[in-house]
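Asks: Once you know that position 168 of the sequence shown is 1465 in this note's numbering, the rest is easy, because the numbers rise by one and skip nothing.
Note that the Cβ used here is the ideal one computed from N, Cα and C, for glycine as well.
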Amino acid sequence: MSLIHELVIHFRIGPTDLLRIISTAPIRYKQYTIPKRRGGVRVIAQPSREVKAIQRYLLDMKLATFPVHNAATGYVKGQNILKNAMRHKHNRVILKLDFVDFFPSIKTRDWDVLLASSKNTVVLKSDSTFYKQLLFWGQGSTTPRCLSIGAPTSPALSNIMMFRLDTRLSEIAARMNVIYTRYADDITVSGQRVEDVLRFERSLITSIKNTKSPVFTMNNDKRGLYPERPAANGNWTRRYPKWGNINWSGA
1298 MSLIHELVIH
1308 FRIGPTDLLR
1318 IISTAPIRYK
1328 QYTIPKRRGG
1338 VRVIAQPSRE
1348 VKAIQRYLLD
1358 MKLATFPVHN
1368 AATGYVKGQN
1378 ILKNAMRHKH
1388 NRVILKLDFV
1398 DFFPSIKTRD
1408 WDVLLASSKN
1418 TVVLKSDSTF
1428 YKQLLFWGQG
1438 STTPRCLSIG
1448 APTSPALSNI
1458 MMFRLDTRLS
1468 EIAARMNVIY
1478 TRYADDITVS
1488 GQRVEDVLRF
1498 ERSLITSIKN
1508 TKSPVFTMNN
1518 DKRGLYPERP
1528 AANGNWTRRY
1538 PKWGNINWSG
1548 A
């Protein structure tokens, strides 16, 4: 069944009205800004009620059928930022990395690349254009361009798009005796030795530069290397950005 036929049945809407919504979906966003903690502003673009309803349907019925790597801990059922931190509890060196403009860096061309290589049979390649119209923000245009911060589908779609890179980086991490996790655009790497963590960082940067889709840029201003230090009580104390102080007894 085509996506259009499926949506017509589900939402009980006429094909003409549905196609009108789809054709204008990339511009049906309310845009505003919020200040960033370290200066500057973050652009939020929330889809209209009609577009958001369709996006939520696509999220539950379509996007949920794509694989997400277990290194991804953000926007994943049963995962949270604390569980992300707990994966690194036995290591003594923490490296924090971050992407610049994570969601807007994921473009419609990345959706094309995903579908071209995907074995997913739920999302029909013949419906690719409709998906792009519905899932990607036009930045003020009816032409879809990138993911927005504010669409309910953007978090899941970002994890889907990152599956190949998460897989590659997890394999490298295993060979180098470090742990790699990603909470949205926040990357955490940990190991017993600084040398291992820094060696993985070099491989990570190379892998990201060599990745054609999606294209990401590292945010060097948010890079942080946090070696473990003994506390007065004999436990180890690690300082995590956003997480605060976490004490691991007997680590």
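1. Under 8 angstroms: do the segment 1435-1454 and the segment 1387-1396 share three or more Cβ pairs, one atom per stretch?
2. I'd like the span of the alpha helix (DSSP H) that includes residue 1493, first residue to last.
3. Have a look at residue 1357 and residue 1368 and give me their C-alpha separation to the nearest angstrom.
4. Which residues in the same chain have their Cβ closer than 7 angstroms to the Cβ of residue 1319, if we skip the five residues on either side of it in sequence?
5. On the DSSP letters alone, give me the boundaries of the beta strand (DSSP E) that residue 1342 sits inside.
6. Using 8 angstroms as the threshold, is the segment 1439-1456 in touch with the segment 1340-1355, meaning 3 or more CB pairs across them?
7. State the CB to CB distance for the pair residue 1378 and residue 1455, rounded to an integer number of angstroms; the pair is presumed to be in contact (CB under 8 angstroms).
8. For residue 1504, which residues in the same chain have their Cβ closer than 8 angstroms to its Cβ, ignoring the five residues on either side in sequence?
9. Kindly indicate which three-state DSSP category residue 1522 falls into: helix, strand or coil?
10. Report yes if the C-beta distance between residue 1395 and residue 1511 is below 8 angstroms; otherwise report no.
11. Sort out for me which residues DSSP pairs residue 1328 with in a bridge.
12. Where do the N-terminal and C-terminal ends of the alpha helix (DSSP H) with residue 1465 fall, by residue?
13. Output yes or no for whether 8 angstroms exceeds the beta carbon distance between residue 1332 and residue 1441.
14. Output the distance between the C-alpha atoms of residue 1425 and residue 1383, rounded to the nearest integer angstrom.
15. State the DSSP-derived secondary structure class of residue 1441, mapped to helix, strand or coil.
16. Does the beta-carbon of residue 1485 have 16 or more other beta-carbons within 10 angstroms, so that it is buried, or is it exposed?
17. Give me the residue from 1337, 1354, 1347 and 1328 with the minimum Cα distance to residue 1453.
18. If you draw a straight line from the alpha carbon of residue 1301 to that of residue 1418, how long is it in whole angstroms?
19. Measure how close the beta-carbons of residue 1385 and residue 1487 come, nearest whole angstrom, since I'm counting them as under 8 angstroms.
20. In terms of residues, what are the limits of the alpha helix (DSSP H) holding residue 1398?
21. Going by DSSP, what residues sit across from residue 1478 in a beta bridge?
22. Looking at residue 1482: is its Cβ nearer than 8 angstroms to the Cβ of residue 1399?
23. Does the separation of the CB atoms of residue 1477 and residue 1370 fall below 8 angstroms?
24. Going by C-alpha to C-alpha distance, which of 1458, 1515, 1303 and 1375 sits closest to residue 1414?
Replies: This is what the structure gives:
1. no
2. Where residue 1493 is concerned, the enclosing alpha helix (DSSP H) stretches over 1491-1507.
3. 21 angstroms
4. 1427, 1430 and 1431
5. 1338-1344 is the span of the beta strand (DSSP E), which, as asked, contains residue 1342.
6. Verdict: yes, contact present.
7. At roughly 16 angstroms, the Cβ-Cβ gap does not stay under 8 angstroms, so residue 1378 and residue 1455 are not in contact.
8. 1462, 1465, 1466 and 1469
9. Strand, per DSSP.
10. At a Cβ-Cβ threshold of 8 angstroms, residue 1395 and residue 1511 do not count as neighbours.
11. 1342
12. 1460-1472
13. Against a cut-off of 8 angstroms, the Cβ pair of residue 1441 and residue 1332 comes out as no contact.
14. 38 angstroms
15. coil
16. buried
17. 1354
18. 16 angstroms
19. 4 angstroms
20. Under the DSSP assignment, residue 1398 falls outside any alpha helix (DSSP H); it carries neither an H nor an E label.
21. 1485
22. yes
23. no
24. 1458
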